[in-house]
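Residue 127 in our numbering sits at position 33 of the sequence shown, and the numbers go up by one each step. Every residue gets a Cβ at the ideal spot worked out from N, C-alpha and C, and that includes glycine. None of the values given here were measured: they were computed from a predicted structure. Encoded as C-alpha cells, the structure appears first; notes follow it.
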Amino acid sequence: MKTNVRRQLLITVAALFLIQGLCVNSAAPDDELPADNSNVGGGEEVVVEEANIQEPEVIGEDTQPSNGNEESYLIGDFVWEDLNENGVQDEGEPGLANVQVVLLSTSGEVLADTLTDEDGAFSFSVSGEDVQYQIRVVSPEGYSVTSLEQGGDETKDNNANADELTELFSAASLSDLGSVDIGFVPAQVAAELCPLTGEVVAEGELGLAPLAISLSHFPPLATRPPTGLTWAPWVFELYTGEGQTRLLSLFYCGFGEMEEAIETQQVDTGLTVNDVRIEGVRSGRVIYGNIAKYFAAAIIQGGSDQTNVAPAIQELVCANAYGSDPDDIGSGGMSIERLLRLAEECRDLIGERNLASYLFDASPPSGGQEASELLMFYNIGNQTQWVYDADLGGYVRYQNGANSQAEFETFTVSTDRLTDDAIVRENVIVMGVEHIALNGDETIFDLVNFDFSIGPAKLFRNGIVYDICWNTLNTEPNQKELQPVRFTDCNGNSIALAPGSTWVNVVNLGDQFLQEVSPGVWKARFSAPSFQAN
Numbered sequence: 095m096k097t098n099v100r101r102q103l104l105i106t107v108a109a110l111f112l113i114q115g116l117c118v119n120s121a122a123p124d125d126e127l128p129a130d131n132s133n134v135g136g137g138e139e140v141v142v143e144e145a146n147i148q149e150p151e152v153i154g155e156d157t158q159p160s161n162g163n164e165e166s167y168l169i170g171d172f173v174w175e176d177l178n179e180n181g182v183q184d185e186g187e188p189g190l191a192n193v194q195v196v197l198l199s200t201s202g203e204v205l206a207d208t209l210t211d212e213d214g215a216f217s218f219s220v221s222g223e224d225v226q227y228q229i230r231v232v233s234p235e236g237y238s239v240t241s242l243e244q245g246g247d248e249t250k251d252n253n254a255n256a257d258e259l260t261e262l263f264s265a266a267s268l269s270d271l272g273s274v275d276i277g278f279v280p281a282q283v284a285a286e287l288c289p290l291t292g293e294v295v296a297e298g299e300l301g302l303a304p305l306a307i308s309l310s311h312f313p314p315l316a317t318r319p320p321t322g323l324t325w326a327p328w329v330f331e332l333y334t335g336e337g338q339t340r341l342l343s344l345f346y347c348g349f350g351e352m353e354e355a356i357e358t359q360q361v362d363t364g365l366t367v368n369d370v371r372i373e374g375v376r377s378g379r380v381i382y383g384n385i386a387k388y389f390a391a392a393i394i395q396g397g398s399d400q401t402n403v404a405p406a407i408q409e410l411v412c413a414n415a416y417g418s419d420p421d422d423i424g425s426g427g428m429s430i431e432r433l434l435r436l437a438e439e440c441r442d443l444i445g446e447r448n449l450a451s452y453l454f455d456a457s458p459p460s461g462g463q464e465a466s467e468l469l470m471f472y473n474i475g476n477q478t479q480w481v482y483d484a485d486l487g488g489y490v491r492y493q494n495g496a497n498s499q500a501e502f503e504t505f506t507v508s509t510d511r512l513t514d515d516a517i518v519r520e521n522v523i524v525m526g527v528e529h530i531a532l533n534g535d536e537t538i539f540d541l542v543n544f545d546f547s548i549g550p551a552k553l554f555r556n557g558i559v560y561d562i563c564w565n566t567l568n569t570e571p572n573q574k575e576l577q578p579v580r581f582t583d584c585n586g587n588s589i590a591l592a593p594g595s596t597w598v599n600v601v602n603l604g605d606q607f608l609q610e611v612s613p614g615v616w617k618a619r620f621s622a623p624s625f626q627a628n
C-alpha cells in the first residue's frame with residue numbers, strides 16, 4: 095500500500111488557542127472574568143502558563159521544527175520490498191515496517207529520524223520551500239537497496255543509491271512531496287569471479303586445482319570431436335611434430351557446471367559422472383611444462399617418454415589416463431567423477447598460485463583492426479578457421495580434414511562430443527615464441543627465451559585484432575612466485591580480454607607470424623624448426 099502525503103501548513107499552538115477563544119499572555123475583558131481572577135467555571139482554580147507541549151515519538155512520522163512562521167511541508171513516503179527486483183513499485187509489493195529513515199541537512203547533520211509504520215510509510219515535516227535536505231535509510235538485515243530511478247515514474251521508483259542515500263532535494267524541487275521512496279531486495283552474497291574468465295563461478299570452485307589435460311585431435315577418426323572443451327576456460331594449442339598439434343586444456347572454474355550438465359543431459363540414459371569420460375588424452379610433452387607451471391596446473395597425461403619427456407615435467411604430473419579399449423588410440427581418458435576427485439587431490443601438488451592476472455571488460459579496447467576471420471595453418475592437413483559470430487559474441491572454430499585433398503579443402507564446425515555444442519571462444523590469441531626441436535625425429539619441442547620474458551602476440555576479440563605482447567615478467571620486484579602468462583600492451587600495461595574463454599595458438603616466430611590476406615581476414619602460419627645437432 096502506498097500512502098498519499100499532501101502539503102500541510104502547520105498550525106501553531108498560539109493559533110490553536112485563538113481558535114478556542116483563549117489567548118496566552120493576553121488580557122480578557124473585565125466583564126468576562128471574576129473580580130479576583132481566581133475561579134473559572136466550576137470554582138476551579140486555573141493557572142494559565144506559557145505552553146510547553148512535547149509531541150510523543152510517532153512511528154512513521156517525524157518533524158523538523160519550523161523557523162518562526164515559515165511554511166512547513168510533509169515529505170516522505172514509502173519503503174518497500176522490490177519482489178521482482180526491477181526497481182519499481184509494482185502492484186502487490188509490500189511495505190517494510192520498522193525501517194530506520196533519517197533526515198539530514200546538506201552538511202550531513204541528523205535533523206530527525208523515524209521508523210516506517212506497519213505499511214512501510216514514513217514522513218518528515220520540513221521547513222522552507224527552498225531549503226535542501228537529504229534522506230538516509232538504514233538497510234534492514236538481509237536486504238540491500240534496489241536499482242536507482244528505474245521505470246520513468248518518479249512516484250514509483252527508488253530514490254536511494256547503493257550507499258543508502260537520496261540526492262539532495264527541497265520541497266520546491268519535488269513535483270510530488272510524497273515521491274521519496276526506497277526499495278529493497280534480498281542482499282546478494284558477493285559472487286566469486288573466475289580469474290581465468292572474469293565470469294561468476296560456483297562456490298568452492300576456486301579452491302580446486304587447475305588441471306592441464308593433454309588432449310589430442312589426431313588421428314582424426316579416433317579423437318574428433320574432442321571431449322570436454324566446453325568447460326576448459328583456456329586451451330593452448332601446441333605443435334607436436336609432423337604437422338600435428340595437441341590441445342593443452344586448462345580445466346578450472348567449471349567442474350560443478352560440468353557435473354550438472356552431464357547429469358541433466360544423461361537423464362534419459364541413466365549415465366552419471368562416473369560413466370561419462372573425457373577421452374582423447376595422449377602422452378605428455380616437454381612443452382607442456384612451460385605452460386602448466388605458470389598456472390600452477392597439474393598435468394594429466396596418457397604417460398610420457400621416460401627418457402626425453404618425463405624428467406622435464408614429472409614434478410607437474412598429477413595422474414596418468416588409460417585407455418578403455420586397447421585397439422582405440424583415442425580411448426585414453428577418465429571419468430568425470432575421477433576428474434573431479436583429482437581437482438581436489440592435486441591442489442597441493444604445486445601449491446597455491448594467484449591466478450588473478452587478467453583484466454576483463456565487455457567493451458573492446460580502442461584501436462585495433464577489423465578481424466572477422468583467422469586462418470591458423472600448421473600444415474595442409476591441420477588448418478583451423480576462427481570466424482567471428484556477433485550473435486554469439488565470439489569466434490567459432492572450424493577444422494579441415496586430414497586424409498585427402500578434398501578433406502584438406504573442407505572445413506566443418508568443431509564441436510564438443512559431450513554436448514554437441516560448437517567450440518566458441520570470446521578471445522583467440524596467436525602467441526609467437528621461439529621453438530627448438532629436441533630430437534632428430536622432430537617430435538619433441540621446447541620453448542626458447544620464454545621464462546621471465548616478453549614477446550609478440552595478437553589478440554582477436556569482438557571482430558577486432560590487436561597488437562599485444564605475451565609477458566612472463568614478474569610484476570613485483572624480487573618476486574619469486576610465478577604468475578600466469580599475461581597478455582599486455584608492449585609497455586607492460588594490462589590489456590582487457592573479453593569475459594569468457596580463451597584459445598591460444600602458440601606458434602614459432604617467423605616471417606609469416608601473422609598477415610592480413612584480405613580485408614578483415616588474417617592468416618597465421620607455424621614454421622616448424624629443424625633439429626640442430628650439437
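request  = Reducing DSSP to helix, strand and coil, say where valine 411 ends up.
outcome  = strand
task = Give the C-beta separation of phenylalanine 454 and alanine 590 to the nearest angstrom, bearing in mind that I take them to be a contact with Cβ-Cβ under 8 Å.
result = 6 Å
query = Just how far apart, CA to CA, sit asparagine 131 and serine 217?
reply = In this prediction, asparagine 131 has a pLDDT of 42, which is less than 50 and means its spatial position is unreliable; what the coordinates show is noted afterwards. The straight-line gap from Cα to Cα measures roughly 44 Å.
query = Should cysteine 440 be flagged as near chain D, meaning a C-beta pair shorter than 9 Å?
reply = This model lacks chain D altogether; it includes just one protein chain.
task = Go ahead and pull the three-state DSSP assignment for tyrosine 560.
result = strand
ask   = When you compare only the Cα positions, how much space is there between alanine 517 and arginine 447?
value = In the sequence as displayed, the identity of residue 517 is isoleucine instead of alanine. Roughly 28 Å between the two C-alpha positions.
inquiry  = Can you check which of these residues, Thr249, Ser219, Leu168, is closest to glycine 181 by C-alpha distance?
reply    = Thr249
request  = Name, in chain order, the residues that DSSP records as bridge partners for alanine 531.
outcome  = Phe539
inquiry  = Could you give the first and the last residue of the continuous beta strand (DSSP E) run that contains phenylalanine 345?
reply    = 338-345
request  = Count the C-beta pairs between the segment 518-537 and the segment 605-624 that are closer than 8 Å, then say yes if the count reaches three, no if not.
outcome  = yes
ask   = Out of curiosity, what's the CA-to-CA distance linking serine 588 and proline 578?
value = 13 Å
key: Counterpart residues of serine 639 in DSSP-defined beta bridges   = Absent from the structure is residue 639, since the part of the chain shown begins at 95 and ends at 628.
inquiry  = By the three-class DSSP mapping on this structure, what secondary structure does phenylalanine 625 have?
reply    = coil
request  = Inspect the beta-carbon positions of tyrosine 492 and threonine 513 and report whether they are closer than 9 Å.
outcome  = no
inquiry  = Only counting the same chain, and skipping five residues up and downstream in sequence, which positions put a Cβ closer than 6 Å to that of asparagine 384?
reply    = Leu541, Phe544
request  = Might you give, ordered along the chain, the residues of its own chain that have their beta carbon closer than 7 Å to the beta carbon of leucine 177, omitting 5 neighbours on each side?
outcome  = Glu187
Segment contact, 8 Å Cβ cut-off, at least three pairs: the segment 257-277 with the segment 224-232 = yes
key: From Met470, Asp483, Thr366, residue whose alpha carbon lies closest to that of isoleucine 430   = Thr366
task = Please classify valine 380: does DSSP put it in a helix, a strand, or coil?
result = helix
inquiry  = Which residue marks the beginning of the alpha helix (DSSP H) containing threonine 240, and which one marks its end?
reply    = Segment: none, threonine 240 is in no alpha helix (DSSP H) and carries neither H nor E.
inquiry  = So if DSSP puts glycine 549 in a beta bridge, which residue, or which two residues, is it bridged to?
reply    = Trp564
message = Going by DSSP in three states, phenylalanine 502 sits in which element: helix, strand or coil?
response = helix
query = Among Arg619, Gly461, Val403, Leu469, which residue has its Cα nearest to the Cα of aspartate 561?
reply = Gly461
Neighbourhood of alanine 456 by C-beta distance below 8 Å, restricted to the same chain and skipping five residues each side = Ala592, Pro593
task = Look at the alpha carbon of phenylalanine 581 and the alpha carbon of leucine 302, and state the distance between them as a whole number of angstroms.
result = 24 Å
request  = Kindly list the residues whose CB is nearer than 7 Å to the CB of alanine 41, restricted to its own chain and excluding five residues on each side of it in sequence; keep chain order.
outcome  = Outside the shown range of the chain (95 to 628) lies residue 41, about which nothing can therefore be said.
task = Identify every run of the beta strand (DSSP E) within the segment 445-497, keeping only runs that are complete inside it and at least 3 residues long; order them along the chain.
result = 467-473, 476-483, 488-494
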